[in-house]
Amino acid sequence: MTENSKTNSSIGRLNRRTLLKAAGATGLASAMNVPLVNIARAAGNTIKIGWVGCLSGVRAPFAEPDTWIHERIKARLKDGLKIGGKTWQVEFVFKDNQSDPNRSSVVASELVLREKCDLILIEDGDAQAPVQELADARGIPSISTMVPWQGWMFPRKSTPDKGFPYSYHFFWGADDVVKNFLGMWQSVETNKKVGTLYIDNPAGQAFSDPKVGLPGGITQAGYQEFSAGKFQIATDDFTNQVSSFKNNGVDIVSGFTYGNHWVTLWNQAAQAGFKPQICTVAAAFLFPSAVNALGDRGDGMSTEVWWTPAYPFKSSLTGQTAAELAAEWEKTTGKQWTQPIGYAHALWEVALAALQNSDPKDKNSLRDAIAGLDMETVVGPVKFKGTPIKNVAVTSLSGGQWRKSKGGKSKYELLIVHNGTAPFIPKQADLQLLSKLA
């Protein structure tokens, strides 16, 4: 899905038939229903920003707020972007990689070779490697987020001291997740037996890494891992994993899965009579929809917390607090806030800050502007300047547990139960064993 739109209210609009004929792309009439506008404008007056994310497919919940965020960014830039003494018009090219790694390669070619974007933003883990590899080769600056930095860097065969020519990334690391998971577990009594399973994708590989992922942290903290290994993203049967966990008497289940995988696994666990004390699984419990899908058995699921309305930060674009941004989402959509709202918004904060500190048509100037950023966003500090991990700004993370809401409008609420790696994020409750919530 492609959407090209210029934020230029002064130029005349073409009629639909003429534009489609001229562009040769019926796909321009995108599902987002953005008006088709005159695209015949001198490139020297326009900044073209490409964006790619998983608007559809298995990872679509990660992109739930994106269209909503995009509409607000387009409205904000409808009269252009002021950089120094000049106002630049902005063209957006939004691409859906459909949660498909193969589609991501196609999108990379479209954004880099056909569209010739000045800056590319990536918000999906499986899109980052193909898009940023090609962008690096062609000298196009890019910024990505929403995958642990190890899962961003290591699959592309780089190291913290080496980095990349034009690729930049901001997010927390798999090691930060390990610290928060262990911090939560150490606050309660268990038998310290941990059953794990991981999706076989870049993020899953980062979490399962024996050195910086969960296995090393589990062992170093005196816990014992019973790994069920990796599984393919299309897997819909976890009876073998459940059987292994039950037979080994594990009290804690952890790893990396998506919500749809956990629904199946948790149902099969009930059928097998497997009752762990703690379920702390990366990605699986990020979204209210994933926990709600478990019914009453969603109470007590625990997770890493990227962002919540409780985070004490403001947007550099709108001045909104995290709480205000979440409230606006709930008011305008009628849906409970979801964690990716923060990073979907912060990606544009970082992008626009870099553009405003550069000559946007000079790829090296824009690259250097990204590298020099040290700013606060709605997800907290994003600091590329002087970072010990080249091209990476490591962001804040905490640990949370979903609990049944007491009189609220939502069935469950996500409470911060561990803030050891980010003490400036207020703790809201203590972790509770599932047996005490039953």
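In the UniProt record's numbering, the protein residues as written are 1 to 438. Where is the CB? At the ideal position from N, CA and C, for every residue including glycine.
- Rounded to whole angstroms, the gap between the alpha carbons of phenylalanine 245 and valine 382 is 39 Å.
- Judged by pairs of C-beta atoms under 8 Å, the region 332-345 does not touch the region 415-432, as fewer than three such pairs exist.
- Of all alpha-carbon atoms in Pro288, Ala290, Asn247, Phe256, the one lying nearest the alpha-carbon of alanine 272 is that of Asn247.
- The region 186-203 makes contact with the region 252-261, as at least three CB pairs between them are under 8 Å.
- In this structure, lysine 406 sits away from isoleucine 140, with a CB-CB distance that is not shorter than 8 Å.
- Put simply, the region 304-313 does not touch the region 223-241. Fewer than three CB pairs are less than 8 Å apart.
- Inter-residue distance for phenylalanine 384 and alanine 75 is about 28 Å (C-alpha atoms, whole angstroms).
- At the C-beta level, tryptophan 329 and proline 61 stay beyond 8 Å of one another.
- Counting only residues of its own chain and dropping the five nearest sequence neighbours on each side, cysteine 117 has a CB closer than 8 Å to the CB of Lys48, Ile49, Gly50, Val93, Leu111, Ile140.
- Closest in alpha carbon position to aspartate 176, among Asn419, Gly125, Ser435, Leu437, is Asn419.
- In the three-state DSSP reduction, proline 215 falls in the helix class (H, G or I).
- Here the alpha carbons of threonine 303 and leucine 437 stand approximately 17 Å from one another.
- With a contact defined as Cβ atoms closer than 8 Å, leucine 355 and isoleucine 83 qualify at about 6 Å.
- The beta-carbon distance between isoleucine 389 and tryptophan 149, rounded to whole angstroms, is 6 Å. This is short enough to meet the 8 Å contact definition.
- If the five residues before and after tyrosine 343 are omitted, its C-beta is found closer than 7 Å to the C-beta atoms of Thr145, Met146, Trp306, Trp307, Val379, all from its own chain and listed in chain order.
- Annotation: alanine 270 to isoleucine 278 spans about 14 Å, alpha carbon to alpha carbon.
- Between serine 396 and glutamate 349, the CB-CB gap reaches or exceeds 8 Å.
- Under the DSSP assignment, valine 107 falls outside any beta strand (DSSP E), being part of the alpha helix (DSSP H) whose first and last residues are 101-109.
- Lysine 162 counts as exposed, since fewer than 16 other C-beta atoms from the protein chains shown sit within 10 angstroms of its C-beta.
- At the C-beta level, isoleucine 143 and alanine 351 come within 8 Å of one another.
- Beta-bridge annotation (DSSP): glycine 85 is not paired with any residue.
- In this structure, Asn357 is the residue among Asn357, Gly80, Leu294 with its C-alpha nearest to the C-alpha of alanine 369.
- Per the DSSP secondary-structure output, glycine 400 pairs in a beta bridge with Thr303, Ile416.
- The residues Gln268, Ala269, Ala272, Phe274, in chain order, have a CB closer than 6 Å to that of valine 242 in the same chain once the five nearest residues on each side in sequence are set aside.
- Proximity to glycine 44 across Gln89, Gly85, Gly53 peaks at Gln89, based on C-alpha coordinates.
- The region 193-263 contains, as complete beta strand (DSSP E) runs of 3+ residues, the segments 193-199, 224-231, 252-256 (chain order).
- A Cβ-Cβ distance of about 6 Å is found for the pair asparagine 292 and lysine 411, placing them in contact under the 8 Å criterion.
- In this model, valine 194 and serine 208 are separated by some 13 Å (Cα to Cα).
- In the three-state scheme derived from DSSP, where H, G and I count as helix and E and B as strand, leucine 431 is classed as coil.
- For the region 334-403, the full-length alpha helix (DSSP H) segments reaching 4 residues or more read 340-356, 363-371 along the chain.
- Boundaries of the beta strand (DSSP E) harbouring lysine 48: 46-53, taken from the DSSP string.
- With respect to the 8 Å criterion, aspartate 124 and asparagine 97 are classified as neighbours on the basis of their beta carbons.
- In this structure, the beta-carbon distance from glycine 222 to lysine 192 falls below 8 Å.
- Annotation for alanine 127: Val52, Asn97, Ser104 place their beta carbon closer than 6 Å to its own, counting only its chain and skipping 5 residues before and after.
- For the pair glycine 57 and serine 99, the CB atoms are nearer than the 8 Å cut-off.
- In this chain, the alpha helix (DSSP H) harbouring leucine 134 covers 125-138.
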